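Residue numbers (the numbering used here): 2 to 96. C-beta atoms are modelled at their ideal positions from N, C-alpha and C, and glycine is treated no differently. These numbers were taken from a predicted model, which means no experiment stands behind them. Since the structure comes first, as structure tokens, the remarks are kept for the end.
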Amino acid sequence: PAEGVYAGRGFLQGHPHAAAIHVGTNPTFEPAHAAIKVEVHLIDAQAELYGAPLEVEFLDRLRDNRTFASVEELKQQLSQDIADARRIGGESPRD
């Protein structure tokens with residue numbers, strides 16, 4: 002997928018969780034030449050994730066990657082991204 006923020010689902014031990022997915026760098030904090038990475042936030046999941054296999058399903062692109070003027074502006078956008086991802090990813094999971 003292209004760099005940006007996506008709504009999706011993460012499947013942890015076969016159980017679906019709505020997910021906010023970020024593909025790219027963190028331009029607000031990192032230099033332009035930083036490595037591209039994929040970050041998956043499982044919304045409302047209460048589990049130890051490190052080292053656990055995770056299947057990720059991309060459902061919808063929410064927005065492009067961008068630089069924010071302040072940490073507060075970034076936090077506000079992340080809250081909106083999570084709300085959107087929860088709404089989209091919380092719909093009926095795949096069979």
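Among the residues of its own chain, which have a CB less than 8 angstroms from the CB of Ile83, if the five just before and after it don't count?
Ala21, His42, Ile44
Could you pull the DSSP bridge partners for Asp61 from this structure?
Ala8
Are the stretch 13 to 28 and the stretch 49 to 56 touching, with three or more C-beta to C-beta distances below 8 angstroms?
yes
In the structure shown, what three-state DSSP assignment does Ala33 receive?
DSSP, read as helix, strand or coil, puts Ala33 in coil.
If we ignore side chains and look at the alpha-carbon of each, how far apart do Val24 and Gly5 end up?
For Val24 and Gly5, the distance between alpha carbons rounds to 5 angstroms.
Around the C-beta of Tyr51, are 16 or more other C-beta atoms found within 10 angstroms, so that it is buried, or is it exposed?
exposed
What is the residue span of the alpha helix (DSSP H) that Ile89 lies within?
72 to 90
Starting from Ala20, follow the beta strand (DSSP E) in both directions and report where the run begins and ends.
Segment 16 to 25, the beta strand (DSSP E) holding Ala20.
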